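Undergrad: In full-length UniProt numbering, the protein residues as written are 1 to 400.
Beta carbons are placed, not taken as given, at the ideal position from N, Cα and C, and that holds for glycine.
Here the structure is a predicted model, which means the values were calculated and not measured.
Pasting a structure here, questions to come.
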């Protein structure tokens, strides 16, 4: 065994995987996360940190294009796998680990890939390049810029190429887009970028895109939508009502995991993740109820968590009425976190409970631009997690 082979084997034992979830496949993504942790692998927050790209489900054309852009950004050695069945996760990851050891194949891949960004010749030509800019409240809160379009539009979908349409190359030195200037709310000039969050972003609703203007770190003038809205998602047949209740509770817990991870509290996020995984298995009701009680107690006792989330994106009764949103979303981000935790407790105690957050997803998504207008970028990420948005299509099956 040569030195290269030995190093490849060492690296493969601690590979980093970036997970791209197709709407409706959250439980499949959760299973992938479990197997990654069990195998000693790490979840990547950006393409630059990833060795393996794992696509959960069958993406429609829009999401597939975003995934392709992500794939282009992975450094070598790199492996891409698709998973459509929870039972196939272990085999798919094992295959990825073996493929990471194919040193000759990765050398060939590196030689075939472009060594510099392609040049877009429109309007005099400008470079396209990659940009990964991290903002946020915590280490888990990573915003990844990509995919520039006309007028400095940035796609924060871990996605791709920056197509600049300017007549002068100095507007994008080495293909790196420069911010425009614009006045902020106080009349001072601030850097202005047009950005997109999603559709692939960790701890973010799968397939959700939020397009907005970024002044400094403040979001304004947004639009929100779900990619591949008419795409048909295929999966397993409907399940029994008992399993369905467990899945709904696990989904609620999954939203709590996202919010706690973005808030930077990994210990509580791990507790919530363990509860979610218990619910996805054949759950022991007594054990689950005890774990949920422990989680709720931890959330209530944490002064730091309360201090971190208090006052973020507060919603009044008037706000809820204007956007036709339910009363459960009233209050700030901390209130909504506790509301989700209380609903989770009710769901594991009473199969008929826990439907306060189950309302039309379109209502929440349409309200996002107005609700997040003027919010800082990290605050917006936390707020979206607190809304408990499920992008699973209405006709989805067990995977969602």
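Pull up the distance between the alpha-carbon of residue 342 and that of residue 245, whole angstroms please.
TA: Position 342 of the chain shown, counting from 1, holds the residue named residue 342. Position 245 of the chain shown, counting from 1, holds the residue named residue 245. Their Cα atoms are separated by approximately 16 Å.
Undergrad: Figure out for me which residue from 71, 96, 207 has the closest Cα to the Cα of residue 15.
TA: Sequence index remark: in the chain shown, residue 15 carries index 15 (1-based). For the residues 71, 96, 207, the minimum Cα distance to residue 15 belongs to 96.
Undergrad: Would residue 26 pass as a contact of residue 206 if the rule is Cβ separation under 8 Å?
TA: Walking along the chain shown from the start, residue 26 turns up at place 26. Walking along the chain shown from the start, residue 206 turns up at place 206. Yes, the pair counts as a contact, with Cβ atoms nearer than the cut-off.
Undergrad: Assuming contact is defined by CB atoms lying nearer than 8 Å, are residue 44 and residue 18 in contact in what I supplied?
TA: Along the chain shown, one-based indexing puts residue 44 at 44. Along the chain shown, one-based indexing puts residue 18 at 18. Cβ atoms of residue 44 and residue 18: closer than 8 Å.
Undergrad: Smallest Cα separation from residue 82: which of 75, 73, 93?
TA: The residue given as residue 82 occupies position 82 in the chain shown. With distances taken between Cα atoms, residue 82 lies closest to 93.
Undergrad: Kindly provide the ranges of any alpha helix (DSSP H) runs that are 4 or more residues long and lie completely inside the segment 272–326, ordered along the chain.
TA: Whole alpha helix (DSSP H) segments, 4+ residues: 285–301, 303–309, 317–323.
Undergrad: In terms of residue numbering, what span does the alpha helix (DSSP H) encompassing residue 33 cover?
TA: What you label residue 33 is simply residue 33 of the chain shown in a count that begins at 1. It spans 26–38 - the alpha helix (DSSP H) in which residue 33 sits, taken as one unbroken run.
Undergrad: Can you tell me where the alpha helix (DSSP H) holding residue 16 begins and where it ends?
TA: In the chain shown, the residue the question calls residue 16 occupies position 16. Run containing residue 16: none in the alpha helix (DSSP H); it sits in the beta strand (DSSP E), 16–21.
Undergrad: Is residue 71 helix, strand or coil by DSSP?
TA: Within the chain shown, residue 71 is the residue found at index 71, counting from 1. Reduced to three states, the DSSP call for residue 71 is helix.
Undergrad: Let me check understanding here. Comparing Cα to Cα, which of 89, 20, 311, 318 lies closest to residue 38?
TA: In the chain shown, residue 38 corresponds to position 38, counting from 1. For residue 38, the nearest C-alpha among the options comes from 89.
Undergrad: Comparing C-alpha positions only, which one of 390, 283, 383, 372 sits nearest to residue 214?
TA: Residue mapping note: residue 214 aligns to position 214 of the chain shown, counting from 1. Of the listed residues, the one whose Cα sits closest to residue 214 is 372.
Undergrad: Report the CB separation of residue 221 from residue 212 in whole angstroms; it is logged as a contact under 8 Å.
TA: As a first step, residue 221 is located in the chain shown; it is residue number 221 there, counting from the start. As a first step, residue 212 is located in the chain shown; it is residue number 212 there, counting from the start. Indeed they touch by this definition, with Cβ atoms about 6 Å apart.
Undergrad: Is the beta carbon of residue 258 closer than 8 Å to that of residue 203?
TA: Numbered from 1 along the chain shown, position 203 holds the residue referred to as residue 203. Numbered from 1 along the chain shown, position 258 holds the residue referred to as residue 258. Closer than 8 Å, so yes.
Undergrad: Would you call the segment 315–325 and the segment 281–294 touching, i.e. three or more CB-CB distances under 8 Å?
TA: No: the two stretches stay apart, fewer than three of their Cβ pairs being nearer than 8 Å.
Undergrad: In chain order, what residues of the same chain have a beta carbon less than 7 Å from the beta carbon of residue 296, not counting five sequence neighbours either side?
TA: The residue you call residue 296 lines up with position 296 of the chain shown. So the qualifying residues of the chain are 341, 345.
Undergrad: Between 68, 201, 388, which lies nearest to residue 330 when the distance is taken from Cα to Cα?
TA: By 1-based counting over the chain shown, the position of residue 330 is 330. Out of 68, 201, 388, 388 has the C-alpha closest to the C-alpha of residue 330.
Undergrad: Rounding to the nearest angstrom, what Cα-Cα distance links residue 86 and residue 362 in this structure?
TA: What you label residue 86 is simply residue 86 of the chain shown in a count that begins at 1. What you label residue 362 is simply residue 362 of the chain shown in a count that begins at 1. Distance between the alpha carbons of residue 86 and residue 362: 28 Å.
Undergrad: Where residue 349 and residue 282 are concerned, what is the direct C-alpha to C-alpha distance, given to the nearest angstrom?
TA: Position 349 of the chain shown holds residue 349. Position 282 of the chain shown holds residue 282. Each residue's Cα considered, the two are about 16 Å apart.
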